[in-house]
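To keep things clear, I will list the structure first and then write my remarks on it.
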Amino acid sequence: MLKTDQDIAPVPPEGASADWTVPQAWDSYTAADHATWDKLFARQSTMLPGRVAPAFLEGMKLAGLDRPGIPDFAELSERLMKATGWRVLAVPGLVPEEVFFEHLANRRFVAGRFIRKPEQLDYLQEPDIFHDVFGHVPLLAHPAFADYMQAYGQGGLRAIEHGAIERLARLYWHTVEFGLIRDGAGMKLYGAGIVSSYGESIFALDDPSPNRIGFDLKRVMRTRYRIDDYQQNYFVIDSFDDLLRQTIETDFAPLYAEIAEQPDHEPGEIADGDKVITLGTQDYAREKAGR
Ligand SMILES: [Fe+2]
283 MLKTDQDIAP VPPEGASADW TVPQAWDSYT AADHATWDKL FARQSTMLPG RVAPAFLEGM
343 KLAGLDRPGI PDFAELSERL MKATGWRVLA VPGLVPEEVF FEHLANRRFV AGRFIRKPEQ
403 LDYLQEPDIF HDVFGHVPLL AHPAFADYMQ AYGQGGLRAI EHGAIERLAR LYWHTVEFGL
463 IRDGAGMKLY GAGIVSSYGE SIFALDDPSP NRIGFDLKRV MRTRYRIDDY QQNYFVIDSF
523 DDLLRQTIET DFAPLYAEIA EQPDHEPGEI ADGDKVITLG TQDYAREKAG R
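Converting from the sequence shown to the numbering used here requires adding 282 to each position, the first position being numbered 1.
Here's what the structure looks like:
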């Protein structure tokens, strides 16, 4: 997961390579670790059909995620390589932005190797292997989404030069992590932060609280997000092809300059020009805020 956290040490921790990767050490997972994966997997894979983008379910199968136990990254990579040329590599935790972008730009997805404890099934501060692999890997098997992730990494490296990482990180957040898609079959989930969370998989699609707004690149990069709770605004793309096209065809430098002059949008705000698909009540956020 990408986090704009400047507190991460600039050098890799001991035992990690210069690119911050570490061996997954698959053999070191315990039976309890595998059981945690299986439990999370069973819950999500039972609930998601009909709610998640069909491409995600196809990607799960293609990546071989439907077999029990924590996946072996070497095997995942072999399957992904054949489909879209992506690989999955282990890292010890969050990595600096430049390292993260560099990996994406070269079709390498870096994933945490640890798995949450059984008492943390529903809430976790740092992304673990279930979030990173179950949440992110299936769509890396989809050609347009795979290209989008690489384009994002390349854009990230350029954003560093423009001092615009925070803006670009919002694009990742509102698409890769918490995006919705509206295709012929209606509204569906695809963001990894949603599909790896039981609660948010229901909330994002069914709850009357959040706004669901048509995706707009500039709008999204001006929108702050919540890291501590369910999102108040979800942005809805028309297709992965369209998301890729917009990302590749847009010249981001002038866009960064333009939005630098404009105020941010708050998490639950409706802005002028929004294509509102569902106007939310924001009851959930209001109750949580104790108002
Ligand atoms: Fe993530």
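Ideal Cβ positions, reconstructed from N, Cα and C, are used throughout, including at glycine.
Predicted model, so just to flag it, every value in this text is computed and none were measured.
Quick check on DSSP: helix, strand or coil for residue i?
{"i": "K470", "result": "strand"}
{"i": "F382", "result": "helix"}
{"i": "E518", "result": "Note that residue 518 is Val in the sequence shown here, rather than Glu. In the structure shown, V518 sits in a strand (DSSP, three-state: E or B)."}
{"i": "H547", "result": "strand"}
{"i": "I509", "result": "coil"}
{"i": "R361", "result": "helix"}
{"i": "G435", "result": "helix"}
{"i": "D556", "result": "coil"}
{"i": "L450", "result": "helix"}
{"i": "G394", "result": "strand"}
{"i": "V370", "result": "strand"}
{"i": "R494", "result": "strand"}
{"i": "V458", "result": "helix"}
{"i": "D414", "result": "helix"}
{"i": "R333", "result": "coil"}
{"i": "V293", "result": "coil"}
{"i": "V502", "result": "helix"}
{"i": "I442", "result": "helix"}
{"i": "I463", "result": "strand"}
{"i": "T286", "result": "Bear in mind that a pLDDT of 48 at T286, under 50, signals an unreliable position, so the number given afterwards is only what the model happens to contain. Coil at T286, not helix or strand."}
{"i": "V304", "result": "strand"}
Got a sec? Which residues, its chain only, sit under 6 angstroms from residue i by beta carbon, not counting five neighbours each side?
{"i": "D369", "result": "Before going on, a small fix: residue 369 reads as Arg here, not Asp. Same-chain partners within the cutoff: S359, R390."}
{"i": "R464", "result": "V518"}
{"i": "M431", "result": "L386"}
{"i": "Q436", "result": "A387"}
{"i": "P350", "result": "D320"}
{"i": "A337", "result": "H424"}
{"i": "L525", "result": "Y430, I519"}
{"i": "D414", "result": "A393, G394"}
Could you name the residues of the same chain whose beta carbon sits closer than 8 angstroms to that of residue i, not counting the 5 residues immediately before and after it, in chain order?
{"i": "I447", "result": "T286, E379, G438, A441"}
{"i": "R361", "result": "L344, A345, G346, A423"}
{"i": "M469", "result": "L462, I463, L487, R494, V518, I559"}
{"i": "D354", "result": "Q306, W308"}
{"i": "M363", "result": "R369"}
{"i": "T532", "result": "L499"}
{"i": "F534", "result": "G437, R440, A441, H444, A446, L450"}
So, for residue i: in the same chain, excluding its five sequence neighbours on each side, which residues have a beta-carbon less than 7 angstroms away from its beta-carbon?
{"i": "M342", "result": "D348, P420"}
{"i": "Y311", "result": "I352"}
{"i": "G367", "result": "R389"}
{"i": "N515", "result": "P492, N493, I495, T505, P549, G550"}
{"i": "A428", "result": "T366, W368, L422"}
{"i": "P425", "result": "T366"}
{"i": "I541", "result": "R449, K500, M503, R504"}
Give the C-beta separation of residue i and residue j to the nearest angstrom, bearing in mind that I take them to be a contact with Cβ-Cβ under 8 angstroms.
{"i": "P492", "j": "Q513", "result": "6 angstroms"}
{"i": "Y454", "j": "T529", "result": "Going by Cβ atoms, the distance from Y454 to T529 rounds to 11 angstroms, so no, they are not a contact pair."}
{"i": "V392", "j": "T303", "result": "7 angstroms"}
{"i": "F412", "j": "R395", "result": "The Cβ separation is near 11 angstroms, so there is no contact."}
{"i": "F460", "j": "G473", "result": "4 angstroms"}
{"i": "R508", "j": "A553", "result": "The Cβ separation is near 17 angstroms, so there is no contact."}
{"i": "T579", "j": "P409", "result": "No information on residue 579 is available, as it lies outside the stretch 283 to 573 that the chain covers here."}
{"i": "A298", "j": "P374", "result": "6 angstroms"}
Return yes when the C-beta of residue i is under 7 angstroms from any heavy atom of ligand 2, and no when it is not.
{"i": "A467", "result": "Ligands present in the displayed structure are limited to ligand 1, and ligand 2 is not among them."}
With 8 angstroms as the threshold, decide whether the Cβ of residue i is near any Cβ in chain B.
{"i": "L344", "result": "Although the question refers to chain B, the structure presented lacks it and comprises just one protein chain."}
Taking 8 angstroms as the cut-off, does the region 559-567 touch the region 519-529 (at least 3 CB pairs, one atom from each stretch)? The region 519-529, when compared against the region 559-567, does not touch it at the 8 angstroms Cβ threshold.
Check whether the region 396-416 touches the region 328-339, counting contact only when three or more Cβ pairs, one atom from each stretch, lie closer than 8 angstroms. no
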